[in-house]
Structure formats: C-alpha cells, structure tokens
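Q: Going by the numbering used here, the sequence shown opens with residue 2, and the numbers climb by one from there. We treat Cβ as the ideally placed atom computed from N, Cα and C, and that holds for glycine. Being a predicted model, the structure only gives us computed values, none of them experimental.
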Amino acid sequence: MPSRKKTIMFASSFFTCVCSFALICVVLATQHWMSSEVHFSNTNSNTTVSLTYGLFSGTCTRVAGGIQLNKKDFQVSKTLTNTKTKSIITTIIVILVLGLLTSLLSSGFTCTNAVTNPYQTFLGPIGVYTWNALCGIFILLAMILFPVNVEGNSLSLELAYECGVAVQTHRKSEHTYGYSYWIMLLILLLNIASVIIIYFYEHARYSKKKEQQRPIENTQKDVILF
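#1: Alpha carbon to alpha carbon, what distance is there between Phe11 and Lys222?
#2: Measuring straight from C-alpha to C-alpha, what distance separates Tyr202 and Pro119?
#3: Identify which residue in Thr92, Leu81, Ile90, Ala134 has its Cα closest to the Cα of Ser107.
#4: Under DSSP, the alpha helix (DSSP H) around Cys61 begins and ends at which residues?
#5: To test your reading of the DSSP string, which unbroken beta strand (DSSP E) runs of 3 or more residues are found completely within the region 144 to 209?
#6: Let me know if Tyr182 comes out buried or exposed under the rule of 16 or more other beta-carbons within 10 Å of its beta-carbon.
#7: Which two residues bound the contiguous alpha helix (DSSP H) that contains Asn114?
#8: Identify the residues that DSSP records as bridge partners of Gln69: which are they?
#9: So, using beta-carbon positions, are Ile237 and Pro126 closer together than 8 Å?
#10: Val50 to Ser14, Cα distance in whole Å?
#11: Which residues mark the beginning and the end of the alpha helix (DSSP H) in which Ser13 is found?
#12: Buried or exposed: which applies to Asn45, given that a residue is buried once 16 or more other Cβ atoms fall within 10 Å of its Cβ?
#13: By the 10 Å Cβ neighbour count, where 16 or more other Cβ atoms means buried, how is Asn43 classified, buried or exposed?
#14: Do you know offhand how far Gly100's Cα is from Ala23's?
#15: Quick one: what's got a C-beta closer than 8 Å to Cys26's C-beta in the same chain, skipping five residues either side?
#16: Beta-carbon separation of Leu158 and His176 under 8 Å?
#17: CB-CB under 6 Å to Cys112, same chain, minus the five flanking residues each way: which ones, in chain order?
#18: Excluding the 5 residues preceding and the 5 following Phe123 in the sequence, name in chain order all residues of the same chain whose CB lies nearer than 7 Å to its CB.
#19: Distance check for Lys79 and Thr62, CA to CA, integer angstroms please.
#20: Under a Cβ-count criterion, where at least 16 other Cβ atoms within 10 Å of its own Cβ denotes burial, should Ala161 be classed as buried or exposed?
#21: Check whether the region 183 to 199 and the region 56 to 75 are in contact - that is, three or more C-beta pairs closer than 8 Å.
#22: If you run the structure through DSSP and keep just helix, strand and coil, what is Ser36?
#23: Output the distance between the C-alpha atoms of Leu156 and Asn150, rounded to the nearest integer angstrom.
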C-alpha cells in the first residue's frame with residue numbers, strides 16, 4: 002500500500018487531471034471560440050456581419066443601416082468552402098480529441114498511483130509526466146492553430162460571405178476570443194500543476210532516501226577508521 006503522503010499527492014494530481022479532462026470536454030462542446038464583427042461597404046450602404054462560432058457551429062447576424070436583416074445558425078464544416086481553413090478546423094478537433102485521451106490516461110495513472118505501488122516504472126511518475134506533457138502540447142497546438150486560421154486565413158471573413166452577404170468590399174474585421182478558447186489556457190495550467198505536484202513528491206522522497214542513507218554511510222566510515 003502507498004504511504005499517506007503519496008496518496009494525498011497523487012490524489013491531488015488526479016483531481017487536476019480530471020478537471021483538465023472535464024474542461025477539454027467543455028471546449029469541444031461549447032461554441033464560443035470567436036466573436037467577430039466583419040464590416041462591408043458598397044456605393045449604397047454599409048453592412049456589418051456579427052459572428053459567434055466554435056469548431057462545429059455558430060450564429061451570424063447581418064445588419065445594414067442599423068436594421069437587422071437576418072439571423073441564422075450555421076454548421077462550420079458545411080459553410081466553409083476553402084480547403085485550407087476547413088482542414089485546420091478538422092486538425093484542431095483531432096488534436097483536442099487526442100488531448101482528451103491523454104488527459105484520461107493521466108487521470109488513470111495518477112489514480113492508480115494513489116491507491117497502489119505499480120511495479121512498472123512507466124506506470125509511476127514517468128507516465129504521469131509523459132501524458133501531462135503530451136496533453137499540454139496538444140492544447141498549445143490548438144491555441145496556436147485557431148488564431149492562425151482566424152487571422153491568417155480570414156476564417157471569419159469566409160464565414161461572413163457564406164452567411165448571405167452579397168458581393169461587397171470588405172473594410173475591416175474585429176475579433177474577440179471567447180471563453181471556449183481561453184479555457185484552454187486554464188487546461189495548460191492544470192497540466193503544469195499536476196506535473197509540479199508529482200515533482201515535489203518525487204523530490205521529497207529522494208531527499209528522505211538520501212537522509213536515510215547517510216547514517217549507514219557514516220557507520221561504514223566509522224568501521225573503516227576503527
């Protein structure tokens with residue numbers, strides 16, 4: 002059976018891993034990644050398209066001359082026609098699913114260590130470090146790829162055109178990242194916290210082991226001197 006200290010430390014790490022898993026589910030389920038105001042103009046009037054969307058669906062509202070013309074929901078995968086923007090959205094979804102799996106594995110490893118002493122080295126702290134690191138990398142990649150798609154590939158502009166805007170001149174776009182996006186930053190912090198907890202446990206265990214070895218080493222020296 003593991004010591005009380007080990008149980009507490011790994012149980013704390015298990016809690017952070019479970020929170021990370023739950024938040025990745027929230028990120029995938031909610032559609033508040035981006036809110037954009039896309040402004041168009043022509044010879045007669047100005048049109049503004051307000052977009053709120055995530056990885057799967059969104060809502061767009063078209064306003065011209067201060068009058069709301071229409072509001073509709075859309076599916077991101079069906080609305081996008083550009084292969085590049087569509088493929089990046091698909092890649093982000095796959096990356097987040099992988100992050101979900103690694104977070105689940107990390108939860109399993111920490112739970113196992115909280116109640117038992119695994120014989121295999123990889124099932125111990127090394128496994129926890131590995132799965133948390135992979136989860137963190139996946140989340141970081143998703144946080145990088147989404148802004149690249151919005152800013153670099155004009156994702157909001159493409160969605161605005163597909164939401165019923167006639168051929169007009171694009172003037173500017175204003176973007177605000179929603180809570181679904183920023184939750185990923187919290188997931189990163191939880192992964193780091195999980196690793197730090199296990200690191201402190203390992204460091205404390207190593208220090209205690211060294212302290213226990215010193216009396217034996219001193220005794221051997223005394224015998225030799227005698």
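A: In terms of the structure at hand:
#1: For Lys222, the pLDDT reaches just 48, beneath the cut-off of 50, and the residue's location in the model is therefore unreliable, leaving the point undetermined.
#2: 16 Å
#3: Ala134
#4: Per DSSP, Cys61 belongs to no alpha helix (DSSP H); it is in the beta strand (DSSP E), 58 to 65.
#5: The beta strand (DSSP E) runs of length 3 or more contained entirely in the region 144 to 209 are, from start to end of the chain, 170 to 178.
#6: When all chains shown are included, Tyr182 counts as buried.
#7: 84 to 116
#8: Val64
#9: Since the first residue of the chain shown is 2 and the last is 227, residue 237 is not available in this structure.
#10: Distance between the alpha carbons of Val50 and Ser14 is about 44 Å.
#11: 5 to 30 is the extent of the alpha helix (DSSP H) around Ser13.
#12: exposed
#13: exposed
#14: Note on geometry: alpha-carbon atoms of Gly100 and Ala23 lie some 11 Å from one another.
#15: Leu101
#16: no
#17: For Cys112, where only same-chain residues beyond five positions count, the Cβ hits under 6 Å are Phe15.
#18: none
#19: Answer to the nearest angstrom: the Cα atoms are 18 Å apart.
#20: Burial call: buried.
#21: no
#22: strand
#23: 6 Å
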